[in-house]
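Read the structure below first, then the notes.
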Amino acid sequence: MESWFKRGLSPLYDASPLFASSDPQEAKLGTTGALKEHDLVWRSGKVDSFLRHLQLGEVSLFLLRYGAAVHIAPGELRRFLLFQVPLEGSARIAVGDSVVAADARTGALISPTLPLQLDWSEGCEQLLLKIPRERVEESCSALLGAQLDEPVEFCPQFVLDSPRGRSWQHQIGALLSWFQMPGQIAPTQWVRAQEETLIQHLLLCHQHNYSDLLRRRSGTARRNVRMAEEYIRAHLQEPLDLAGIAQAGGSSVRSLCAAFKEHHGQSPMAYVRDQRMAQAHAELLSAAPGTRVTDVALRWGFTHLGRFCTRYRERYGRTPLQTLQQ
Numbered sequence: 020m021e022s023w024f025k026r027g028l029s030p031l032y033d034a035s036p037l038f039a040s041s042d043p044q045e046a047k048l049g050t051t052g053a054l055k056e057h058d059l060v061w062r063s064g065k066v067d068s069f070l071r072h073l074q075l076g077e078v079s080l081f082l083l084r085y086g087a088a089v090h091i092a093p094g095e096l097r098r099f100l101l102f103q104v105p106l107e108g109s110a111r112i113a114v115g116d117s118v119v120a121a122d123a124r125t126g127a128l129i130s131p132t133l134p135l136q137l138d139w140s141e142g143c144e145q146l147l148l149k150i151p152r153e154r155v156e157e158s159c160s161a162l163l164g165a166q167l168d169e170p171v172e173f174c175p176q177f178v179l180d181s182p183r184g185r186s187w188q189h190q191i192g193a194l195l196s197w198f199q200m201p202g203q204i205a206p207t208q209w210v211r212a213q214e215e216t217l218i219q220h221l222l223l224c225h226q227h228n229y230s231d232l233l234r235r236r237s238g239t240a241r242r243n244v245r246m247a248e249e250y251i252r253a254h255l256q257e258p259l260d261l262a263g264i265a266q267a268g269g270s271s272v273r274s275l276c277a278a279f280k281e282h283h284g285q286s287p288m289a290y291v292r293d294q295r296m297a298q299a300h301a302e303l304l305s306a307a308p309g310t311r312v313t314d315v316a317l318r319w320g321f322t323h324l325g326r327f328c329t330r331y332r333e334r335y336g337r338t339p340l341q342t343l344q345q
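So, in structure tokens, the structure goes:
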């Protein structure tokens with residue numbers, strides 16, 4: 020774990036605790052209410068527990084400490100995916116048939132449908148990040164362009180001392196940064212985008228039962244985008260619609276839109292408009308005397324002259340007429 024990342028957790032440490040107690044029963048009830056019903060066995064050490072919580076959108080962040088060594092058996096989490104990593108101490112985390120020796124450099128990614136048992140050392144203090152299962156499955160389905168046949172199940176070991184692990188820490192840090200600005204409310208769209216970035220990081224960078232299919236789909240998506248691009252460029256002066264572009268690209272409308280969003284950051288029709296605008300600009304730059312802006316705009320599919328002029332100026336910093344007259 021990067022030192023800057025732990026320092027960035029200060030908003031969580033500063034949050035009012037959901038509970039802070041030396042009473043074993045109070046600690047068990049507090050964690051049950053925030054997470055899930057579970058069996059809890061207290062072992063060596065003094066009970067010195069707390070649970071702190073911050074919520075941003077649908078992502079929940081927790082700091083949890085028991086003080087004493089504990090054995091925890093929640094079974095399947097069912098409704099949420101859980102990432103956890105010790106900030107202090109260590110833990111043995113059994114997820115399905117795998118066991119993760121968790122410490123400050125190695126966390127665990129706990130899938131909702133795999134049985135879970137945990138053994139925390141004395142003084143163990145962990146960061147937990149909870150994401151609703153539905154969001155993970157919706158994102159995976161969207162990336163695949165198909166419904167899921169079975170739940171998403173991740174390889175549980177999560178190495179933080181790696182490029183992917185450091186990227187993950189940066190993304191969590193971005194969420195926490197909003198809590199360092201009192202009175203500032205994170206924009207809803209930004210929060211939703213950050214949630215999706217977190218989820219897609221896991222789906223695209225961390226091994227799970229759909230990883231191979233996603234890699235194959237990614238290669239297919241690139242080919243589909245390339246075929247659609249070729250079709251668009253060949254028919255820029257003709258009427259184009261999304262269904263026809265998707266057919267030419269060999270994919271469904273939904274899959275093509277997702278692929279264009281991934282590769283170009285925009286929809287296929289926005290790509291069409293950009294390509295037409297670029298061609299209109301090139302023609303205006305090299306136009307012969309007597310050329311009219313209206314004729315150029317119509318030739319490249321812009322039937323509303325006022326809208327064309329506005330978008331042209333936004334993109335090139337001058338009007339079409341100024342380009343024509345230069």
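The numbering of the sequence shown is the working numbering, which starts it at 20 and goes up by one. C-beta atoms are modelled at their ideal positions from N, C-alpha and C, and glycine is treated no differently.
Check your understanding: What is the rounded straight-line gap between the Cα of Glu95 and the Cα of Gln136?
Key -> 9 Å
Check your understanding: Does the segment 183 to 192 come close enough to the segment 220 to 231 to have 3 or more Cβ pairs within less than 8 Å?
Key -> yes
**Study point:** Cβ-Cβ distance between Arg295 and Phe321 below 8 Å
**Key:** yes
Review point. Start and end of the alpha helix (DSSP H) containing Ser196?
Key: Pro182 to Ser196
Point to revise | Option in His300, Asp314 and Val114 with minimal Cα separation from Tyr331 | key: His300
Exercise for review: Report yes if the C-beta distance between Glu156 and Asn228 is below 8 Å; otherwise report no.
Suggested key: no
Check your understanding: Cβ atoms of Leu317 and Met288: under 8 Å apart, would you say?
Key -> no
Check your understanding: Straight-line CA distance for Arg326 to Pro339?
Key -> 12 Å
Exercise for review: Starting from the C-beta of Glu59, find all residues in its chain whose C-beta is less than 7 Å away, skip the five residues before and the five after it, and write them out in chain order.
Suggested key: In the sequence under discussion, the amino acid at residue 59 is Leu, which differs from the Glu named in the question. Answer for Leu59: Lys47, Val89 and Ile91, listed in chain order.
**Study point:** Inter-residue spacing [alpha-carbon to alpha-carbon] between Ser22 and Tyr32
**Key:** 15 Å
Practice item. Could you pull out every residue in the same chain whose Cβ sits closer than 7 Å to the Cβ of Asp138, ignoring the five residues on either side in sequence? Key: His90, Ala110 and Arg111
Exercise for review: Taking 8 Å as the threshold, find out whether the segment 75 to 90 comes into contact with the segment 200 to 212 through three or more Cβ pairs.
Suggested key: yes
Review point. Should the segment 267 to 287 be regarded as contacting the segment 243 to 251, the criterion being three or more beta carbon pairs within less than 8 Å?
Key: yes
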